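A.B. asks: When the count follows the numbering used here, it moves up by one through the sequence shown with no breaks and lands on 564 for the last residue.
Cβ atoms here follow ideal geometry from the backbone N, Cα and C, with glycine treated the same way.
Just so you know, these numbers come straight off a predicted model, no measurement behind them.
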Amino acid sequence: MNSLKENPLSDLAYQKAILGSVSRTFALTIPLLPPSIEKVVGNTYLLCRIVDTIEDAADLSPDSKQTLSQLFLEVVLEKLPVSAFVDPCLVALKSHANQDELDLIIHTPTVLRILHTCSKSDQAAVSRCVTIMSNGMSHFHNKQTQSGLKDLQEFEKYCYVVAGVVGELLTTIFSNHSAEFAKRIQGHEDLAIAFGQALQMTNILKDSPEDKARGVSWKPANISQTELLGIAYQKLEDSLRYILLIPKQDIGIRRFCFLAFGLAAMTLSEIAKQKEFAHQDEVKLSRKTVMAFYSFTNVAAASDLMMKAFFKLSTGSLRNLKRD
241 MNSLKENPLS
251 DLAYQKAILG
261 SVSRTFALTI
271 PLLPPSIEKV
281 VGNTYLLCRI
291 VDTIEDAADL
301 SPDSKQTLSQ
311 LFLEVVLEKL
321 PVSAFVDPCL
331 VALKSHANQD
341 ELDLIIHTPT
351 VLRILHTCSK
361 SDQAAVSRCV
371 TIMSNGMSHF
381 HNKQTQSGLK
391 DLQEFEKYCY
401 VVAGVVGELL
411 TTIFSNHSAE
421 FAKRIQGHED
431 LAIAFGQALQ
441 MTNILKDSPE
451 DKARGVSWKP
461 ANISQTELLG
471 IAYQKLEDSL
481 RYILLIPKQD
491 IGIRRFCFLA
501 FGLAAMTLSE
511 IAKQKEFAHQ
521 DEVKLSRKTV
531 MAFYSFTNVA
541 AASDLMMKAF
551 FKLSTGSLRN
561 LKRD
């Protein structure tokens, strides 16, 4: 493992740079958070991205994915030296096309050094999230088929282990840094899961043509696209309730959540307008739209009324699909 005495400022500079390389969306949203939260949320995203890279590697067998996921988890939990994961992972991914993701794996020691500078309570929350995600993805490695997941229950479980658990993590971190939010969220913790699941369902629906091309589907079998969009709309409704619980004085947290929520709502609306689409670019939001909404959140995140109005106006094509 790299020395823990390396420059923390250069470590954080790497985290910020690689975040911009592997995710334009999260590179936009995460810096909206207060610095102490930005560090741990950015760090968690990179750890989850490593898990995702293993999951999405088309050349790896399910057994190889399970082995690498387990090694990564044991490294995060400090049960193994970091080289025990990095070395075999780089060998397994020697044909991987995404150089930024490979660079991230090479810098796993850097990402873990940053994690270990976070508070113990934040570290515990991150470890829980990565554990559930790694074990959950390992469970689903053998369930990748062209026909999709078995049923709606399995679909929601998948969305939980890859994203709902992230909603729980965010809630724990926000609560660690905001006593008022910690009070308000009590009894409403399920909304955090819905927030994560809504974002994941959006990605699954948006990416479904590319997944289909490689012989995989993460959608539930025998469930129509219309019904899935209706379920996603319900998750968005719960997501807005979640955001409205965030105190207005915690404006960075509010804006972070509202930006991710709004982009998902507009993307799902685009999908709902198209009966079929052959490539995600057909429903992908333009850079101009994303930046316009980014600017809008600077004002709207402070207003419950504006956020509710945006949701109503932007999801007209989804509202009629809501399940009874």
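What residue range does the alpha helix (DSSP H) around residue 490 cover?
C.D. replies: That residue, residue 490, is in no alpha helix (DSSP H); it is neither H nor E in DSSP.
A.B. asks: Using only the alpha-carbon positions, how far apart do residue 354 and residue 279 sit?
C.D. replies: Taking the straight line joining both Cα atoms gives about 8 Å.
A.B. asks: Could you have a look at residue 385 and say whether DSSP puts it in helix, strand or coil?
C.D. replies: Note: residue 385 maps to strand in three-state DSSP.
A.B. asks: Can you round the beta-carbon distance between residue 460 and residue 388 to whole angstroms, since I take them to be within the 8 Å contact cut?
C.D. replies: Confirmed, about 6 Å.
A.B. asks: Ordered along the chain, which non-local residues of its own chain (more than five positions away) have a Cβ less than 7 Å from that of residue 534?
C.D. replies: Contacts found: 268 and 499.
A.B. asks: Provide the residue span of the alpha helix (DSSP H) that contains residue 430, from first to last.
C.D. replies: Here the alpha helix (DSSP H) through residue 430 covers 430 to 453.
A.B. asks: Do residue 504 and residue 551 come within 8 Å of each other at the CB atom, strictly closer than that value?
C.D. replies: It is not a contact, given that the beta carbons lie outside the stated cut-off.
A.B. asks: Between the stretch 270 to 284 and the stretch 410 to 420, do at least 3 Cβ pairs fall closer than 8 Å?
C.D. replies: Contact holds: three or more Cβ-Cβ distances are below 8 Å.
A.B. asks: Count the other C-beta atoms from every protein chain shown that fall within 10 angstroms of the C-beta of residue 305, then say buried if there are 16 or more, exposed otherwise.
C.D. replies: So residue 305 counts as buried.
A.B. asks: Tell me, to the nearest whole angstrom, how far the beta carbon of residue 511 is from that of residue 469; I am working on the premise that it is less than 8 Å.
C.D. replies: Yes, they are in contact, since the Cβ atoms of residue 511 and residue 469 sit about 7 Å apart, within 8 Å.
A.B. asks: Less than 7 Å between C-beta atoms, sequence neighbours within five positions excluded: which residues of the same chain meet that for residue 261?
C.D. replies: Excluding residues within five positions, the ones whose Cβ falls inside 7 Å are 340.
A.B. asks: Please confirm whether residue 405 and residue 358 have their CB atoms less than 8 Å apart.
C.D. replies: Contact: no.
A.B. asks: Please state whether DSSP places residue 457 in a helix, a strand or coil.
C.D. replies: Three-state DSSP puts residue 457 in a strand.
A.B. asks: Apart from the five residues just before and just after residue 518, which ones in its own chain have a Cβ nearer than 6 Å to its Cβ?
C.D. replies: Correct list, in chain order: 449.
A.B. asks: If you reduce the DSSP assignment to three classes, tell me which class residue 322 lands in.
C.D. replies: DSSP places residue 322 in coil when its eight states are reduced to three.
A.B. asks: Under 7 Å from any heavy atom of the ligand MG, does the C-beta of residue 312 make it?
C.D. replies: Ligands in the displayed structure: none, and consequently the ligand MG is not present.
A.B. asks: Whole angstroms is fine: what's the gap from residue 541's alpha carbon to residue 437's?
C.D. replies: Cα-Cα distance, rounded: 21 Å.
A.B. asks: Between the alpha carbons of residue 364 and residue 393, how many angstroms are there, rounded?
C.D. replies: Between residue 364 and residue 393, the C-alpha separation is close to 28 Å.
A.B. asks: Please name the residue in 481, 441, 537 and 492 whose C-alpha comes closest to that of residue 509.
C.D. replies: Nearest of 481, 441, 537 and 492 to residue 509, Cα basis: 441.
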